[in-house]
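Counting in numbering that gives the first Met the number 0, the sequence shown runs from 0 upward without gaps.
Below: one structure, written as structure tokens.
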Amino acid sequence: MIRFVNAKINIGLQIVRRRKDGYHDLQTVFYPVGVYAGTPENPVQFCDVLEISPSSDDGLRFMFTGREIDCPEEKNLVCRAAHLFWRIKGEALNSGLKCRGVTIRLHKTLPDGAGMGGGSADASFTLCALNSLLCEADRLDNERLAALALELGADCPFFIFNKPMYAEGVGERLMDIPLDFSGYWLLSVKPRVHVSTKEAFAGVVPKAGEVDLKCLPDIPVEQWQSVVKNDFEDSIFPRYPELRRIKEQLISAGAVYASMSGSGSSIYGIFRNKAVAEAAELCFKGEETIEGIYLLKL
0 MIRFVNAKIN
10 IGLQIVRRRK
20 DGYHDLQTVF
30 YPVGVYAGTP
40 ENPVQFCDVL
50 EISPSSDDGL
60 RFMFTGREID
70 CPEEKNLVCR
80 AAHLFWRIKG
90 EALNSGLKCR
100 GVTIRLHKTL
110 PDGAGMGGGS
120 ADASFTLCAL
130 NSLLCEADRL
140 DNERLAALAL
150 ELGADCPFFI
160 FNKPMYAEGV
170 GERLMDIPLD
180 FSGYWLLSVK
190 PRVHVSTKEA
200 FAGVVPKAGE
210 VDLKCLPDIP
220 VEQWQSVVKN
230 DFEDSIFPRY
240 PELRRIKEQL
250 ISAGAVYASM
260 SGSGSSIYGI
270 FRNKAVAEAA
280 ELCFKGEETI
290 EGIYLLKL
């Protein structure tokens with residue numbers, strides 16, 4: 000079984016309060032990106048490739064290729080997701096597949112430290128893929144899978160559903176939102192800047208959101224730039240002026256909306272048509288400060 004693992008962007012990210020447990024309540028809209036990557040219309044190498052197959056070896060076996068994953072197995076989100084699922088459903092997997100174990104191969108392409116949820120997506124796609132190996136009677140529903148995904152990370156539950164969703168809490172309280180960018184294109188620019196999650200939250204000042212993000216579908220996208228904000232930009236842009244420059248350049252190049260995704264460091268622009276997005280892409284090619292540029296059909 001092979002799955003192509005896409006990423007996400009945040010459209011608006013409002014940090015509304017600090018909780019007693021030390022985490023923060025937020026409001027955001029998650030939108031999946033890279034769903035069409037690798038197709039004839041959008042032949043860009045972007046998605047991770049996850050392959051899961053029955054094995055004659057006991058338990059779980061992992062193989063990683065592509066972009067280097069710099070963490071030990073016990074902290075790797077794919078490994079943690081697989082062990083979590085195996086602990087709960089391993090007996091059913093053994094019975095249904097009549098095999099002793101499962102081999103999981105991940106070819107890593109999604110950018111690291113981009114605020115696009117690459118690791119979280121890998122984890123959630125692993126849960127979904129393992130779940131699909133079970134006979135229908137043994138499978139977990141999406142709500143139960145999302146509860147498992149939350150044990151792995153705050154934005155993991157979104158990738159169980161993998162469709163536009165409004166999120167509250169730490170990102171786990173999800174609801175459908177009728178947001179559709181069909182026909183639009185996204186240009187994501189990843190500079191050689193790393194912003195740790197701890198650093199991002201340390202500089203944030205929680206406050207009530209300036210706009211109800213549940214109402215985004217009712218606001219013309221051309222008006223978003225003045226009202227839809229990622230609160231992390233207020234503290235991160237002064238430290239990393241390169242990020243502000245990229246955002247301003249995307250807007251100047253014709254993006255109808257541009258923002259940082261998550262806690263960074265990728266900056267994306269949404270474009271009404273491919274030609275304008277391609278022209279904007281040329282503005283960043285060859286820059287030594289840029290690590291990756293991704294033009295994606297939405």
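Glycine included, C-beta positions come from ideal geometry on N, C-alpha and C.
Contact defined as beta carbons within less than 8 Å: I believe residue i pairs with residue j. What is the distance between those atoms, to the nearest angstrom?
i, j, result
"Y338", "K213", "In the structure displayed, the chain extends from 0 to 297; residue 338 sits before or after that span and is not available."
"A254", "I269", "6 Å"
"R2", "A145", "With a Cβ gap of about 17 Å, R2 and A145 do not count as contacting."
"Y22", "K296", "Not quite, the Cβ-Cβ distance comes to about 34 Å (not below 8 Å), so this is no contact."
"L242", "G263", "6 Å"
"G208", "V15", "6 Å"
"G112", "H193", "5 Å"
"R17", "S55", "Actually they are not in contact, since the Cβ atoms of R17 and S55 sit about 50 Å apart, beyond 8 Å."
"S131", "A148", "That belief does not hold up - the Cβ atoms of S131 and A148 are roughly 15 Å apart, past 8 Å."
"A257", "K246", "5 Å"
Mind checking who residue i pairs with in its DSSP beta bridge?
i, result
"F63", "L105"
"V169", "V169 is not bridged to any residue."
"P31", "K7"
"V48", "F3, H106"
"G100", "S54, G58"
"D175", "M164"
Look up residue i in the DSSP assignment and say whether it is helix, strand or coil.
i, result
"Q26", "strand"
"Q13", "strand"
"T38", "strand"
"V203", "coil"
"R191", "coil"
"G182", "coil"
"F3", "strand"
"I324", "This structure leaves residue 324 out entirely; the chain is present only between 0 and 297."
"E300", "With the chain represented from 0 up to 297, any question about residue 300 goes unanswered, as that position is not in the structure."
"K296", "strand"
"G208", "coil"
"A113", "coil"
"P219", "coil"
"C70", "coil"
"D20", "coil"
"V306", "The shown model of the chain, from 0 to 297, leaves out residue 306, and the question about it has no answer."
"N75", "coil"
"Y285", "Reading off the sequence, residue 285 comes out as Gly, not Tyr. Coil at G285, not helix or strand."
Say whether chain C places a C-beta atom closer than 7 Å to the C-beta of residue i.
i, result
"G202", "The structure shown has no chain C; it contains just one protein chain."
For the segment 226-281, list the alpha helix (DSSP H) runs that are entirely contained and at least 4 residues long, ordered along the chain. Every unbroken stretch of the alpha helix (DSSP H) spanning 4 or more residues and falling wholly within the segment 226-281 is given here in chain order: 231-238, 240-251.
Inter-stretch contact (C-beta, 8 Å, three-pair minimum) for the segment 61-72 and the segment 31-45: With a cut-off of 8 Å, the segment 31-45 and the segment 61-72 do not count as touching, because too few Cβ pairs lie within range.
Validate contact between the segment 25-45 and the segment 151-163 using beta carbons, cut 8 Å, 3 pairs: Touching, yes, given that three or more Cβ pairs across the two stretches are closer than 8 Å.
Indicate whether the contact test is met: 3 or more Cβ pairs, each with one atom in the segment 73-85 and one in the segment 99-108, closer than 8 Å. Segment contact: the segment 73-85 against the segment 99-108, three or more CB-CB distances shorter than 8 Å; contact assigned.
Taking contact to mean at least 3 C-beta pairs separated by less than 8 Å, is the segment 5-25 in contact with the segment 114-127? Look at the beta carbons and you see the segment 5-25 touching the segment 114-127: at least three pairs across the two are nearer than 8 Å.
Given 8 Å, three or more beta-carbon pairs between the segment 88-95 and the segment 123-140: Output reads yes: the segment 123-140 touches the segment 88-95.
Quick check on the DSSP output: what are the complete beta strand (DSSP E) runs of length 3 or more inside the segment 123-166, in order along the chain? DSSP runs (the beta strand (DSSP E)) wholly in the segment 123-166: none.
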